[in-house]
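Numbered by our numbering, the letters in the sequence shown go through residues 5 to 410 in order. See structure below.
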Amino acid sequence: MKILYLVHQFYPMYYTGTEKFALNIALIMQKWGHNVKVITYSFYENSFYDEIKGNLFSKEYLYQGIPVLAFKHKNIPPDIHFQLQDESLERIAREIIQKEEPDIIHAGHLMRMGEFILAAKMLEVPYILTLTDFWLICPKVILVNSEGDLCTGPRLGIICQKKCPELDGKFISTRLRISEHILLNAKTIISPSNFLASIFKNELPCLPVQIINHGINLHKLRKNKKSYKKGDKIIFGYAGSLNPHKGVHVIIEAFRKIKNHNIGLKIYGSGDALYTNKLKEMAKDNRIEFLGVYSENQIADVLENIDIIIIPSLWYENYPLILHEAFASNIPVLASNVGGMAEKVKDNINGYTFRISDSEHLKELIEKIIDNPELLNVLKHNIENIIVPSIEQEAFAYEKLYRDLI
Numbered sequence: 005m006k007i008l009y010l011v012h013q014f015y016p017m018y019y020t021g022t023e024k025f026a027l028n029i030a031l032i033m034q035k036w037g038h039n040v041k042v043i044t045y046s047f048y049e050n051s052f053y054d055e056i057k058g059n060l061f062s063k064e065y066l067y068q069g070i071p072v073l074a075f076k077h078k079n080i081p082p083d084i085h086f087q088l089q090d091e092s093l094e095r096i097a098r099e100i101i102q103k104e105e106p107d108i109i110h111a112g113h114l115m116r117m118g119e120f121i122l123a124a125k126m127l128e129v130p131y132i133l134t135l136t137d138f139w140l141i142c143p144k145v146i147l148v149n150s151e152g153d154l155c156t157g158p159r160l161g162i163i164c165q166k167k168c169p170e171l172d173g174k175f176i177s178t179r180l181r182i183s184e185h186i187l188l189n190a191k192t193i194i195s196p197s198n199f200l201a202s203i204f205k206n207e208l209p210c211l212p213v214q215i216i217n218h219g220i221n222l223h224k225l226r227k228n229k230k231s232y233k234k235g236d237k238i239i240f241g242y243a244g245s246l247n248p249h250k251g252v253h254v255i256i257e258a259f260r261k262i263k264n265h266n267i268g269l270k271i272y273g274s275g276d277a278l279y280t281n282k283l284k285e286m287a288k289d290n291r292i293e294f295l296g297v298y299s300e301n302q303i304a305d306v307l308e309n310i311d312i313i314i315i316p317s318l319w320y321e322n323y324p325l326i327l328h329e330a331f332a333s334n335i336p337v338l339a340s341n342v343g344g345m346a347e348k349v350k351d352n353i354n355g356y357t358f359r360i361s362d363s364e365h366l367k368e369l370i371e372k373i374i375d376n377p378e379l380l381n382v383l384k385h386n387i388e389n390i391i392v393p394s395i396e397q398e399a400f401a402y403e404k405l406y407r408d409l410i
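Here is the structure:
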């Protein structure tokens, strides 16, 4: 079977959740004998590319043995991150699909890639979409409005015009119409979480959405077998991107309110430079360490030195991989009480949830844990009963889906 994977960005420059999902599935499909290729947008220096197709630079390369076609506009359009249609890509997208002759196209994210799906529809090539965030119904991606509040969806654009007045009404209505066309013409839509599926179903009740949980590479993880007693030093951890909507400042605000020095906070990741600098200014505290990025092969070492993971996101976070990597490593989680996080983290069972953006509530939970470290033993015992799907199980579900649809 020939499978094309579409993703808005890819390794080695980008390596967070959606890219990891696309890579994992492509690697396993290739291992199982399928012919795979990733098509992606990229932002390398012009000298990186070795071919010019019309108004595009392009480059073919291998990443971990996976063929990748990366492209970039010669002059990047100002609205490239928001638009679903790009007439300058229309011919090229059609030519690439005709040349590759895929049996099926699997889209992991359509930012900067929408024209490929429109071309697939024109060429009658079947396609499926895996939802990884809210971009198709929210040009701001994360369903947070201009007032900084969580949004429950565009409601045909009515909410967008009320809560995000800087967005042009015609642009929103046109964008939603194209999104609806793309979604309803997919062979099927896949969501990794019930919450994410429910948001899209609220907009399009007839949308055919299936749930396939993301898998975790269990081979790269180790079980954390530590047990705890009164007086033990507890190390909290954050691992992910350092961007404002990820809410890392909420953890630091909570830590600054705590007098106990028998705790630590390890922060892994990189992101927005201004925000990262702000975090470091806030965190002038020898209990807090910024440890930079880590490779996927280092995840077991990272988690081995953390007693509880904190996910303080200020948006819905439909299926944070670090949450499931923590559970697979027998590590409890503290998370904001919204979206896919609240779907998975159950109070007093496998962790605790706190009110979104509420550093005082988070502080209370941290103090509860450092005053009673034995609570972690109970949570860890319960986590042992959680079955975290492997990447092989996820891939098996997708392979069956591909075969059923072509």
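Beta carbons: idealized from backbone N, C-alpha and C, even for Gly. Bear in mind the structure is a predicted one, so any value in this text is a computation, not a measurement.
Say whether chain B places a C-beta atom closer than 8 angstroms to the C-beta of residue i.
i	result
L338	The structure shown contains no chain B; it is built from a single protein chain.
Could you check whether residue j and residue i sit closer than 8 angstroms to each other, using their CB atoms as the reference points?
i	j	result
I194	I132	yes
S245	G273	yes
N59	H77	yes
L135	L222	no
I499	L10	This structure cannot settle anything about residue 499, because the visible part of the chain is limited to 5 through 410.
I335	I310	yes
L409	I163	no
I203	F120	no
Could you give the residue range of the beta strand (DSSP E) that holds residue i?
i	result
I292	I292 to F294
S2	Given that the chain is displayed from residue 5 to residue 410, the structure contains no residue 2 and the question cannot be resolved.
F75	I70 to H77
S195	T192 to S195
F358	G355 to F358
I215	V213 to I215
F52	Element bounds for F52: n/a, residue is neither H nor E.
N39	N39 to Y45
S340	V337 to S340
T178	Note, T178: premise wrong, no beta strand (DSSP E); alpha helix (DSSP H) at G173 to N189.
H113	Element bounds for H113: n/a, residue is neither H nor E.
K270	I267 to Y272
Can you find the residues in the same chain that come closer than 7 angstroms, C-beta to C-beta, to residue i, ignoring five residues on each side of it along the sequence?
i	result
P16	Y67
P106	K6, I7, L8 and V129
S183	L88, L140 and I141
Can you name, in chain order, every residue of its own chain whose Cβ lies under 6 angstroms from the Cβ of residue i, other than the five neighbours on each side?
i	result
V342	Y320 and I360
I146	H249 and W319
K41	L8 and P71
R407	none
A287	I256
H365	F358 and R359
G251	P316, S317 and L318
S363	V254, E257 and A258
G173	Q165
N39	K6
So, at 8 angstroms on beta carbons, what are the nonlocal neighbours of residue i in its own chain, with the 5 sequence-adjacent residues on each side left out?
i	result
V148	L154, C155, H249, L318 and W319
Q87	P81, G118 and R179
S150	K167, C168, P169 and E170
E371	I262 and N264
Q214	T192, I193, I194, S195 and L405
R98	A123, M126 and L127
V297	Y272, G273 and S274
Q397	G219
P158	I141, C142, C164, I176, L180 and E207
Rank the options by C-alpha distance to the C-alpha of residue i and give the top, closest one.
i	options	result
K167	E64, N381 and C142	C142
K35	K404, I410, R407 and A399	A399
I32	I391, I220 and K288	I220
Y19	L114, G275 and S202	G275
E347	I203, E104, S197 and E388	S197
H110	Y323, I239, I387 and M5	M5
L2	V129, I238, A74 and I182	Given that the chain is displayed from residue 5 to residue 410, the structure contains no residue 2 and the question cannot be resolved.
F47	A74, L405 and I162	A74
F61	V297, H113, I96 and F120	I96
F25	H218, H38 and Y53	H218
E403	K234, I29 and D83	I29
L383	K367, V392, V337 and S394	V337
L369	V392, F240 and I216	F240
On the DSSP letters alone, give me the boundaries of the alpha helix (DSSP H) that residue i sits inside.
i	result
T280	A277 to M286
H253	V252 to R260
Y406	I395 to L409
F14	Taken as a continuous stretch (DSSP letters only), F14 belongs to no alpha helix (DSSP H), as it is neither H nor E.
L383	L379 to I387
T22	G21 to K35
Pairs of beta-carbons, one from the stretch 268 to 279 and one from the stretch 291 to 298, closer than 8 angstroms: are there three or more?
yes
Taking contact to mean 3 or more Cβ pairs, one atom from each stretch, closer than 8 angstroms, check whether the stretch 326 to 341 and the stretch 352 to 361 are in contact.
yes
Would you call the stretch 296 to 308 and the stretch 371 to 379 in contact, with 3 or more CB pairs under 8 angstroms?
no
Do the stretch 214 to 230 and the stretch 254 to 263 make contact, defined as three or more Cβ pairs closer than 8 angstroms?
no
Count the CB pairs spanning the stretch 204 to 211 and the stretch 169 to 188 that are closer than 8 angstroms, and state whether there are at least three.
yes
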